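Q: Numbering (my numbering), first residue to last: 25 to 191.
Even for Gly, the Cβ is constructed at its ideal location relative to N, Cα and C.
Predicted model, so just to flag it, every value in this text is computed and none were measured.
Mind having a look at this structure? Questions to follow.
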Amino acid sequence: MAKTSSPDWSRIVEQHAERIFRIAYRILGSVHDAEDVSQQVFIEARRIQQKEPIQSWSGLLARVATTRAIDVLRRRREVVELEETDCVSHLEPHHHATASELSNWLRRAVAKLPEQQAAVFTLCYFEQLDRNEVSAILEISVEAVSTTLYKARAKLLQQLESYNGVQ
25 MAKTSSPDWS
35 RIVEQHAERI
45 FRIAYRILGS
55 VHDAEDVSQQ
65 VFIEARRIQQ
75 KEPIQSWSGL
85 LARVATTRAI
95 DVLRRRREVV
105 ELEETDCVSH
115 LEPHHHATAS
125 ELSNWLRRAV
135 AKLPEQQAAV
145 FTLCYFEQLD
155 RNEVSAILEI
165 SVEAVSTTLY
175 KARAKLLQQL
185 ESYNGVQ
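Printed below as a string of C-alpha cells:
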C-alpha cells in the first residue's frame, strides 16, 4: 500500500482560515465562538483526512464549519437578549436596535432549521455562494439545493410570521 503524502496543513489553514471563520461568525455572531469553531473545524478535518483522501478541502471545511457552528448555536439554548446599543448615529437610532434584534432572531431561527436546510441557507445567503457552489460543498445536486433552500425560506417565513403575531 503506497503511503499518500501528508497535506501541508499550514498552507491549508492559511488558504481557508478566513472563510471558515466568516462562516462560523455569520452563524454565531460571536468572535470567540467563531474562533473556537474554526479551530474545531481544522482538527476535525485532520481526523477525516487521516481516514480518507479529501477531494475538496474548500467543500469539506465549509461543510464542517457550517455544521459545527449550527451545533454550537443549538447548544446555547438561551435566548440572546437584545444588547443595549451605543447610538453612534444621531439619525434614527432605533434602526440599530431593530437590526440587532432581527440579526439575533435570524440566527436563532436558522438554528431551528433541520441541519441540511440551515447549511444551504447559510451558504447561499450569508456566504453568498451560488447553487452550484453549494451543491459541490454539500455534495448534493443543484436541484436538491434549490428544493432545500425553498423549504428553509418557507420555514423561516413561518417563524417570522409567528414572531410578528401573524397566524
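Quick one: Cα of Glu185 to Cα of Ala142, how far?
A: Distance between the alpha carbons of Glu185 and Ala142 is about 19 angstroms.
Q: Where does Leu52 fall in DSSP's three states?
A: It is helical.
Q: Is it right to say Leu162 is buried, meaning 16 or more other beta carbons lie within 10 angstroms of its own, or is it exposed?
A: Taking all protein chains shown into account, Leu162 has 16 or more neighbouring C-beta atoms within 10 Å of its C-beta and is therefore buried.
Q: Is the region 167–180 in contact with the region 74–85, if contact means three or more CB pairs nearer than 8 angstroms?
A: no
Q: Using 8 angstroms as the Cβ pair cut-off and three pairs as the minimum, do the region 140–154 and the region 67–82 touch?
A: no
Q: Report all residues from its chain with a CB closer than 8 angstroms to the CB of Leu52; omit the five preceding and five following residues, and keep chain order.
A: For Leu52, where only same-chain residues beyond five positions count, the Cβ hits under 8 angstroms are Ala58, Val61, Ala93, Val96, Leu97, Arg131.
Q: Can you check whether the CB of Ala89 is closer than 8 angstroms to the CB of Ile36?
A: no
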